[in-house]
Amino acid sequence: MGNCFALCRPNWNSSDRVATTGHHRINVLRVVKTDGKILEYRASILVKDLLVNFSGYGVSLSKEASQHLTPNYELKIGQLCYLLPSPGSVNPTGISSDCTSVRIKRIKVIITKQQLQELLSKKASVEEMLTGLRKGIWDGVDSSPSWRPKLKTILEESE
Numbered sequence: 376m377g378n379c380f381a382l383c384r385p386n387w388n389s390s391d392r393v394a395t396t397g398h399h400r401i402n403v404l405r406v407v408k409t410d411g412k413i414l415e416y417r418a419s420i421l422v423k424d425l426l427v428n429f430s431g432y433g434v435s436l437s438k439e440a441s442q443h444l445t446p447n448y449e450l451k452i453g454q455l456c457y458l459l460p461s462p463g464s465v466n467p468t469g470i471s472s473d474c475t476s477v478r479i480k481r482i483k484v485i486i487t488k489q490q491l492q493e494l495l496s497k498k499a500s501v502e503e504m505l506t507g508l509r510k511g512i513w514d515g516v517d518s519s520p521s522w523r524p525k526l527k528t529i530l531e532e533s534e
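Quick note, my numbering runs 375 ahead of the 1-based positions in the sequence shown.
Here it is as structure tokens:
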């Protein structure tokens, strides 16, 4: 037997805009953050009160909204709204907004126990180790692009 996972989509009651799923009423205000996480509030809240913890963001009723809601707009229970970055907001990472080609790469680095001890004792920094990787300082490894294994030619038998 396997696990069963059921997905259901909220049905919106047009009279009071409260979401219902099946037989249960969901009496919450949902705010979808840019990372996909959902904040739930059990009471109505003003946009300005919601944005106290989110500087540089605005609230919208749709993902593709060109304008954000006004600070005095009351978000009510049953609504679904989106927390979106403001167009002129300061980038929280400190990277200039004109540098749009910045990408983050995740790498896996295998180090020896000795190198780990050096890192933990602050004798060496991660940057120093990665600089060594970029320069190709590896024991016995040739990093040239034309490297090929040294194998003897295996002749095929003729039939």
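For every residue, glycine included, the Cβ atom is placed at its ideal position computed from N, Cα and C.
With 16 as the cutoff for other CB atoms within 10 Å, does Lys483 come out buried or exposed?
Position 108 of the sequence shown, counted from the first residue, corresponds to residue 483. Burial call: exposed.
Return the residue from the list Ser435, Gln492, Gly411 that minimises the CA-CA distance to Val422.
The residue given as residue 422 occupies position 47 in the sequence shown. Checked all of Ser435, Gln492, Gly411; the closest Cα to Val422 is Ser435.
Is the beta carbon of Leu495 sitting closer than 7 angstroms to the one on Gln454?
Locating residue 495 in the sequence shown gives position 120, counting from the first residue. Locating residue 454 in the sequence shown gives position 79, counting from the first residue. No, Cβ-Cβ distance for Leu495 and Gln454 is not below 7 angstroms.
Please classify Leu444 as buried or exposed, where buried requires at least 16 neighbouring CB atoms within 10 angstroms.
On the sequence shown, residue 444 is found 69 positions in, with the first residue counted as 1. The residue is buried, with at least 16 neighbouring Cβ atoms inside 10 Å.
So which of Asn447, Gly431, Gln442, Lys438 has the shortest CA-CA distance to Ile420?
As a working note, residue 420 is residue 45 in the sequence shown. Nearest in C-alpha terms to Ile420, of all of Asn447, Gly431, Gln442, Lys438, is Asn447.
Cutoff 8 angstroms; reference Phe429; Cβ partners in own chain excluding five residues on either side
Numbered from its first residue, the sequence shown carries residue 429 at position 54. Hits under 8 angstroms: Leu458.
With 16 other Cβ atoms within 10 Å as the buried cut-off, status of Leu425:
Along the sequence shown, one-based indexing puts residue 425 at 50. Under this definition Leu425 is a buried residue.
Spatial distance of Ser472 from Ala418 (CA atoms)
Stepping through the sequence shown from its first residue, residue 472 is reached at position 97. Stepping through the sequence shown from its first residue, residue 418 is reached at position 43. Since pLDDT at Ser472 reaches only 46, below the 50 mark, its modelled position is unreliable, and no value is offered.
On a CA-only basis, which of Ile452, Ser441, Arg523 is nearest Val406? Give me that one, please.
As a first step, residue 406 must be located in the sequence shown, where it is residue number 31. The candidate whose alpha carbon is nearest that of Val406 is Ile452.
With distance defined between alpha-carbon atoms, name the residue in Cys456, Ser500, Asn402 nearest to Ile413.
Here the question's residue 413 lines up with position 38 in the sequence shown. Of Cys456, Ser500, Asn402, the residue nearest in Cα terms is Cys456.
Three-state secondary structure assigned by DSSP to Leu421:
Position 46 of the sequence shown, counted from the first residue, corresponds to residue 421. Residue state, collapsed to three classes: strand.
Simplified DSSP state of Glu503, which is helix, strand or coil
As a working mapping, residue 503 is identified with position 128 in the sequence shown. Correct three-state label for Glu503: helix.
Where do the N-terminal and C-terminal ends of the alpha helix (DSSP H) with Leu491 fall, by residue?
The sequence position of residue 491 within the sequence shown is 116, counting from 1. Start and end: 488-495.
Under a three-way DSSP split, which group does Val403 fall into?
Residue numbering aside, residue 403 sits at position 28 when the sequence shown is read from its first letter. In this structure, Val403 counts as coil in the three-state DSSP scheme.
Assigned exposure category for Leu526 - 16 Cβ within 10 Å defines buried:
Here residue 526 refers to the residue found at position 151 of the sequence shown. Per the 10 Å Cβ criterion, exposed.
Pro460 and Tyr432 closer than 7 angstroms at C-beta:
Counted from its first residue, the sequence shown places residue 460 at position 85. Counted from its first residue, the sequence shown places residue 432 at position 57. Against a cut-off of 7 angstroms, the Cβ pair of Tyr432 and Pro460 comes out as a contact.
Using DSSP bridges, identify the partner residues of Glu449.
By 1-based counting over the sequence shown, the position of residue 449 is 74. Answer is Leu421, bridged to Glu449.
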